[in-house]
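Q: First to last, the protein sequences are chains A and B. Numbers 6 to 622, taken from our numbering, label the letters of the first sequence in order. Numbers 51 to 201, taken from our numbering, label the letters of the second sequence in order.
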Amino acid sequence: MRIESVEQLRKLEKKYRGETESHPVRVHICYGPGCLANGAQEIGDRFRKVIKEKKLKNFKVEAIKETGCHGFCERGPLVVLEPEGTFYTKVKVKDVEAIVEKSLGKSEIIESLLYTNPADDKKIQRYKDIPFYAHQKRIALRNLGQIDQTSLHDYIAAGGYQGLAKALTAMNPNKVIKEVELSGIRGRGGGGFATGRKWATCAKIESDVRYVVCNGDEGDPGAFMDRAIMEGDPHTVLEGMIICAYAVGSTQGYVYVRDEYPLAVVHLQKAIEDAEAVGLIGENILGTGFSFHIAISRGAGAFVCGESSALMRSVAGEVGEPRAKYIRSVVKGLKDKPTVLNNVETFACIPVILSEGGKAFSKIGTPKSTGTKAFSLVGKIENTGLIEVPMGTTLREIIYNIGGGIKDGKPFKAVQTGGPSGGCLPESKLDLPVDFDTLTEAGSMMGSGGMIVMDDATCVVDVARYFLSFLVEESCGKCVPCREGLYQLHQSAVRICEGKGTDDDLEIMQHLSDMIVIGSLCGLGTSGPNPFLSTIRYFRDEYEAHIKEKKCPAGVCTALITYIITDRCTGCLACIPACATDAITGKKGQVHQLAQDKCDRCGACYAVCKYDAIEIH
Amino acid sequence: MNHDFSKLPEIFDRYSRNPESLIAVLQDIQQEYHYLPCEALQETAKNLSVPLSKVFSVSTFYNAFSLTPRGKKIIRICKGTACHIRGAYQLQHQFETMLGIKAGETSKDLKYTLEVVNCVGACAMAPVVIVDEKYHGSVDVSNVKRLIKRG
Ligand SMILES: Cc1cc2nc3c(=O)[nH]c(=O)nc-3n(C[C@H](O)[C@H](O)[C@H](O)COP(=O)(O)O)c2cc1C
Ligand code: FES
Numbered sequence: 006m007r008i009e010s011v012e013q014l015r016k017l018e019k020k021y022r023g024e025t026e027s028h029p030v031r032v033h034i035c036y037g038p039g040c041l042a043n044g045a046q047e048i049g050d051r052f053r054k055v056i057k058e059k060k061l062k063n064f065k066v067e068a069i070k071e072t073g074c075h076g077f078c079e080r081g082p083l084v085v086l087e088p089e090g091t092f093y094t095k096v097k098v099k100d101v102e103a104i105v106e107k108s109l110g111k112s113e114i115i116e117s118l119l120y121t122n123p124a125d126d127k128k129i130q131r132y133k134d135i136p137f138y139a140h141q142k143r144i145a146l147r148n149l150g151q152i153d154q155t156s157l158h159d160y161i162a163a164g165g166y167q168g169l170a171k172a173l174t175a176m177n178p179n180k181v182i183k184e185v186e187l188s189g190i191r192g193r194g195g196g197g198f199a200t201g202r203k204w205a206t207c208a209k210i211e212s213d214v215r216y217v218v219c220n221g222d223e224g225d226p227g228a229f230m231d232r233a234i235m236e237g238d239p240h241t242v243l244e245g246m247i248i249c250a251y252a253v254g255s256t257q258g259y260v261y262v263r264d265e266y267p268l269a270v271v272h273l274q275k276a277i278e279d280a281e282a283v284g285l286i287g288e289n290i291l292g293t294g295f296s297f298h299i300a301i302s303r304g305a306g307a308f309v310c311g312e313s314s315a316l317m318r319s320v321a322g323e324v325g326e327p328r329a330k331y332i333r334s335v336v337k338g339l340k341d342k343p344t345v346l347n348n349v350e351t352f353a354c355i356p357v358i359l360s361e362g363g364k365a366f367s368k369i370g371t372p373k374s375t376g377t378k379a380f381s382l383v384g385k386i387e388n389t390g391l392i393e394v395p396m397g398t399t400l401r402e403i404i405y406n407i408g409g410g411i412k413d414g415k416p417f418k419a420v421q422t423g424g425p426s427g428g429c430l431p432e433s434k435l436d437l438p439v440d441f442d443t444l445t446e447a448g449s450m451m452g453s454g455g456m457i458v459m460d461d462a463t464c465v466v467d468v469a470r471y472f473l474s475f476l477v478e479e480s481c482g483k484c485v486p487c488r489e490g491l492y493q494l495h496q497s498a499v500r501i502c503e504g505k506g507t508d509d510d511l512e513i514m515q516h517l518s519d520m521i522v523i524g525s526l527c528g529l530g531t532s533g534p535n536p537f538l539s540t541i542r543y544f545r546d547e548y549e550a551h552i553k554e555k556k557c558p559a560g561v562c563t564a565l566i567t568y569i570i571t572d573r574c575t576g577c578l579a580c581i582p583a584c585a586t587d588a589i590t591g592k593k594g595q596v597h598q599l600a601q602d603k604c605d606r607c608g609a610c611y612a613v614c615k616y617d618a619i620e621i622h
Numbered sequence: 051m052n053h054d055f056s057k058l059p060e061i062f063d064r065y066s067r068n069p070e071s072l073i074a075v076l077q078d079i080q081q082e083y084h085y086l087p088c089e090a091l092q093e094t095a096k097n098l099s100v101p102l103s104k105v106f107s108v109s110t111f112y113n114a115f116s117l118t119p120r121g122k123k124i125i126r127i128c129k130g131t132a133c134h135i136r137g138a139y140q141l142q143h144q145f146e147t148m149l150g151i152k153a154g155e156t157s158k159d160l161k162y163t164l165e166v167v168n169c170v171g172a173c174a175m176a177p178v179v180i181v182d183e184k185y186h187g188s189v190d191v192s193n194v195k196r197l198i199k200r201g
């Protein structure tokens, strides 16, 4: 069936929403990456089986929804009963029968599966009341957890494609651009460039062909917002792209998806096919005469391909080497044609901007960074997961109110944002509002949204070394400052971590960093020294401890630490097989011995010891 | 190694035979043979009208491609930031010691390939190890033996 007109789409929305609401209870099973790895698939299968066996009267199998990432990965696998919002955490396959019998059959609540608020040890039934969710505002992630991830039916029922309908019928392309400009939205891929301005520039360039490209490369390690959106709500990305295409006058679009995200490719492909089948993508969209096609282009594992010009070369089947910045891709992009490139999350906001109006969007957040931003909150934090907050929310609010503080009550040390281009901010910066300009000023970067929290057992020198080694590997090698400069920076960082560093190293690193920032061809190089620059700025004492005292205060750098078995050892034998170099010996019930000459400080014994009997010195 | 290359024409036919399809074709070849056999690269060059040098340049630029045969069981350790600070380094060390190969290598009997990858997008359950496409979260060194044996 083709949807021939906007009126027909509105009717469908009503009909589909009615169908969804006709289920007295819906079972939303989170199929996000975290929950899937913990057995969500088996839970879903079990639900279907049990429901069939029990022959529940009021329950149809269609009321089981496989949703995208619900966000609270820490507590997964998650099962949510809607519309009530009853939130079951850490669900196991063996719990399914009870849920079906009690909660679906008799509307009873299973206390033991509810979330316990650590603040007062009370159970919380609805997810909206849990602090992790209560402090969030969701725009880009609005449908994640709410609809079946690849269902066009559910997307339309949730008001999907209404933004597109409005754009196509009630607005001319110029008006669409004005609306996006009014919203004040800035690109979510890291740079924070004004999206409306980008579209306006592209639309003005004389050309027979223009392209719209979605950047789903998400190379920033520690970030998975874009993955969650592409997998969990692919239609919103497509809708954003179609609206953009209409605004700038393009007929062909590409979604560039990272190689590591095969499921995103499957879901996007299905979404494209479903949308084509009903005439939302392809020729004569919604009977308006406007045509636009979308194809998927798969990346092949190269961080630099997230950079706009490298990405476009990769889409064209070439080696992903960036080119100099003075040629802008809005003028000469993919196949040398004017191209709009936006990030996944940017496109995901566009339908809302159109349907609710740019003005409403601009009122959220701060005047210069409007709207909301999604983050993947990970690292040494209690509530790891996927979150979205209004711009301007402070780091402290994110880490403590939503994130629940540092794991196991340890002290906070730093928070890393912006991936390899960003930096580490210390405790004293926790009250900074998160927006594009503030983070940059503080020496870090908004980046695409990875937020990695570190406790006192994380060594910031090691983190800087880690990012530098990442960048050395990922530098495309085209320009010398980046290829050689980062290599030398990394060498110095390694020396410091090994206790062989000198004050000269720090001086050389500082000097080299300045050169790399000025001289590199693309953003990979110009922001490459940031992990070093931000850590030396805020954590100089830790560098000095490595250099002067030959100590790693966090107990991470293997050359500078020793493991010691204390007399708390109960002689449980657990660490002996864990040691890959046979450095530990001992008998049951007796304190074990560790031969330092054999120990390669891998930490395996430390990790398996249940009695905290092993110490790092 | 002997391979059945009769599948190649079918792979080429999935895309239009021009240089733009190069990465997609190489991905499908890699999927089929688990690496890029030299003969297949030569065929690709001919069929897509790309110089062989460029086929090699693309094959070596991207991390997803391997020019040497890979093992039956592919173990990938995530070394993204979230996994790094939660102990991916120790995992890598343990895998390397137990398998007797370094990351990026394949065991002589072609049983195992050990790889490290930069973030697989499951950071909330760091550290993550993927064995033959199956994700394992919150892995610690004591799980390594089991992952090698059973996956
Ligand atoms: C080395 C490097 C890597 C990048 N990686 C990504 C990425 O993974 N995803 C992304 O959306 N943007 C990435 N960018 C930013 C893009 O170049 C581009 O600015 C962005 O996709 C534009 O979309 P936006 O305006 O919606 O943010 C990267 C930039 C550089 C220099
Ligand atoms: S850092 Fe390992 S999955 Fe993201």
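We put the beta carbon where it would ideally sit given N, CA and C, even for glycine.
Keeping to the same chain, check which residues put their C-beta closer than 6 Å to that of A:S474; ignore five residues upstream and five downstream.
A: By 1-based counting over the first sequence, the position of residue 474 of chain A is 469. Hits under 6 Å: H495.
Q: When you measure from the CB of A:V309 to every non-hydrogen atom of ligand 1, does any distance come out below 7 Å?
A: Within the first sequence, the letter at position 304 stands for residue 309 of chain A. It does: the Cβ of A:V309 is within 7 Å (strictly closer) of some heavy atom of ligand 1.
Q: Tell me whether A:L491 counts as near ligand 1, meaning its Cβ is closer than 7 Å to at least one heavy atom of that ligand.
A: Stepping through the first sequence from its first residue, residue 491 of chain A is reached at position 486. False, no ligand heavy atom lies under 7 Å from that Cβ.
Q: Per DSSP, what are the beta-bridge partners of A:Q598 in this structure?
A: Position 593 of the first sequence holds residue 598 of chain A. Bridge partners of A:Q598: A:T590.
Q: Go to A:T25, then tell me how far its beta strand (DSSP E) extends in each direction, as first and last residue.
A: Your numbering for residue 25 of chain A matches position 20 in the first sequence. Premise fails: A:T25 lies in the alpha helix (DSSP H), 11-26, not in any beta strand (DSSP E).
Q: Show which residues of chain A have a CB atom less than 9 Å away from the CB atom of B:T131.
A: The residue given as residue 131 of chain B occupies position 81 in the second sequence. Going along chain A in sequence order, the residues near B:T131 (Cβ under 9 Å) are D225, P226, G227, A228, V383, G384, Q421, G424, P425, G455, I457, V468, Y471, F472, F475.
Q: Considering only the alpha carbon of each residue, which of A:I523, A:P395, A:L173 lies closest to A:E12?
A: Position 7 of the first sequence, counting from 1, holds the residue named residue 12 of chain A. If we check each option's Cα against that of A:E12, A:L173 comes out closest.
Q: Are there any heavy atoms of ligand 4 lying less than 7 Å away from the beta-carbon of A:S313, as far as the coordinates show?
A: For the structure depicted, ligand 4 is absent and the ligand set comprises only ligand 1 and ligand 2.
Q: Quick check for students: name the residue ranges of the beta strand (DSSP E) that lie wholly in the segment 334-420 of chain A, counting only runs of 3 or more.
A: Within the segment 334-420 of chain A, the complete beta strand (DSSP E) runs of at least 3 residues are 344-348, 377-384, 390-395.
Q: Check whether the Cβ of A:S453 lies closer than 7 Å to any heavy atom of ligand 1, and answer yes or no.
A: Mapped onto the first sequence, residue 453 of chain A falls at position 448. It does: the Cβ of A:S453 is within 7 Å (strictly closer) of some heavy atom of ligand 1.
Q: Please identify the residue among A:Y616, A:P558, A:F92 whose C-alpha is closest to the C-alpha of A:C580.
A: Within the first sequence, the letter at position 575 stands for residue 580 of chain A. Answer by Cα proximity: A:Y616.
Q: Candidates A:D467, A:D519, A:L316: which alpha carbon is nearest A:P486's?
A: For this step, residue 486 of chain A is matched to residue 481 along the first sequence. Minimum Cα distance to A:P486 is reached at A:D519.
Q: Output, in chain order, the set of chain B residues within a Cβ distance shorter than 8 Å of A:V1.
A: Outside the displayed range of chain A (6 to 622) lies residue 1 of chain A, so it cannot be described from this structure.
Q: My understanding is that A:A315 touches A:C562, with C-beta atoms under 8 Å, so please give their C-beta distance in whole angstroms.
A: Position 310 of the first sequence, counting from 1, holds the residue named residue 315 of chain A. Position 557 of the first sequence, counting from 1, holds the residue named residue 562 of chain A. With 8 Å as the limit, A:A315 and A:C562 do not qualify as a contact, their Cβ atoms being about 33 Å apart.
Q: Per DSSP, which one or two residues make a beta bridge with A:R573?
A: Against the first sequence, residue 573 of chain A aligns to sequence position 568. Beta-bridge pairing links A:R573 to no other residue.
Q: Tell me, please, which residues DSSP counts as bridged to A:T72.
A: Indexing the first sequence from 1 puts residue 72 of chain A at position 67. A:C35, A:D153.
Q: Assuming A:M456 and A:V420 make a contact with CB atoms under 8 Å, what is their CB distance in whole Å?
A: For this step, residue 456 of chain A is matched to residue 451 along the first sequence. For this step, residue 420 of chain A is matched to residue 415 along the first sequence. Indeed they touch by this definition, with Cβ atoms about 6 Å apart.
Q: Using a Cβ-Cβ cut-off of 8 Å, state whether A:P634 counts as contacting chain B.
A: Because chain A here runs from 6 to 622, residue 634 of chain A falls outside it and cannot be looked at.
Q: With H, G and I counted as helix, E and B as strand and the rest as coil, what does DSSP make of A:K505?
A: Here the question's residue 505 of chain A lines up with position 500 in the first sequence. Coil at A:K505, not helix or strand.
Q: Here's a check: name, in chain order, each residue in its chain whose Cβ is nearer than 8 Å to the Cβ of A:L437, leaving out the five neighbours to either side.
A: For the purposes of this step, residue 437 of chain A is identified with residue 432 of the first sequence, where counting begins at 1. So the list reads T399, L400, L430, T443, L444, A447, once near-sequence residues are dropped.
Q: Any idea if A:G294 is buried or exposed, counting beta-carbon neighbours within 10 angstroms, 16 or more meaning buried?
A: For the purposes of this step, residue 294 of chain A is taken as residue 289 along the first sequence, with counting starting at 1. A:G294 comes out exposed.
Q: For A:S10, which option in A:K171, A:G490, A:Y543 has the closest C-alpha, if you only look at C-alpha atoms?
A: Along the first sequence, read from residue 1 onward, the residue named residue 10 of chain A stands at position 5. That would be A:K171, whose Cα lies nearest to the Cα of A:S10.
Q: Go through the segment 533-580 of chain A residue by residue and report every complete run of the beta strand (DSSP E) that reaches 3 residues or more, in order.
A: Complete beta strand (DSSP E) runs here, min 3: 568-570.
Q: Got a sec: does ligand 1 put a non-hydrogen atom nearer than 7 Å to the Cβ of A:C484?
A: Here residue 484 of chain A corresponds to residue number 479 of the first sequence, with the count starting at 1. Not under cutoff, so the answer is no.
Q: Starting from A:Q257, trace the beta strand (DSSP E) both ways and give me its first and last residue.
A: Position 252 of the first sequence holds residue 257 of chain A. Taken as a continuous stretch (DSSP letters only), the beta strand (DSSP E) holding A:Q257 covers 257-262.
Q: Thinking C-alpha only, which one of A:C219, A:V357, A:C249, A:V283 is nearest A:Y259?
A: Numbered from 1 along the first sequence, position 254 holds the residue referred to as residue 259 of chain A. For the residues A:C219, A:V357, A:C249, A:V283, the minimum Cα distance to A:Y259 belongs to A:C219.
Q: What beta strand (DSSP E) runs, 3 residues minimum, are completely inside the segment 266-339 of chain A?
A: With a minimum length of 3 residues, the continuous beta strand (DSSP E) runs that stay inside the segment 266-339 of chain A are 298-303.
Q: Can you tell which of A:C574, A:T567, A:D587 has its C-alpha closest to the C-alpha of A:H622?
A: Here the question's residue 622 of chain A lines up with position 617 in the first sequence. A:H622 has its Cα closest to that of A:T567, out of A:C574, A:T567, A:D587.
Q: Kindly indicate if chain B contains any beta-carbon less than 8 Å away from that of A:D264.
A: Indexing the first sequence from 1 puts residue 264 of chain A at position 259. Closer than 8 Å to some Cβ of chain B, the Cβ of A:D264 qualifies, so yes.
Q: Let me know the secondary structure DSSP gives A:A199 once reduced to three states.
A: By 1-based counting over the first sequence, the position of residue 199 of chain A is 194. Of the three classes helix, strand and coil, the one that applies to A:A199 here is strand, per DSSP.
Q: Output yes if chain A places a C-beta closer than 8 Å to the C-beta of B:D54; else output no.
A: Stepping through the second sequence from its first residue, residue 54 of chain B is reached at position 4. Not closer than 8 Å to any Cβ of chain A, the Cβ of B:D54 fails to qualify, so no.
Q: Please give me, in chain order, every unbroken run of the beta strand (DSSP E) with length at least 3 that falls completely inside the segment 116-151 of chain B.
A: Runs of the beta strand (DSSP E) inside the segment 116-151 of chain B: 123-128.
Q: For A:S319, decide whether its Cβ has a neighbour in chain B, counting only Cβ atoms nearer than 8 Å.
A: Residue numbering aside, residue 319 of chain A sits at position 314 when the first sequence is read from its first letter. Answer yes: the Cβ-Cβ gap between A:S319 and chain B drops below 8 Å somewhere.
Q: Quick check: what's the CA-CA separation for B:N68 versus B:S99?
A: Residue 68 of chain B sits at position 18 when you count from the first residue of the second sequence. Residue 99 of chain B sits at position 49 when you count from the first residue of the second sequence. For B:N68 and B:S99, the distance between alpha carbons rounds to 6 Å.
Q: Helix, strand or coil, according to DSSP, for A:L476 in the structure here?
A: In the first sequence, residue 476 of chain A corresponds to position 471, counting from 1. Looking at A:L476 - three-state DSSP - the assignment turns out to be helix.
Q: Tell me whether B:A176 counts as near ligand 2, meaning its Cβ is closer than 7 Å to at least one heavy atom of that ligand.
A: Within the second sequence, residue 176 of chain B is the residue found at index 126, counting from 1. Within the cutoff, so yes.
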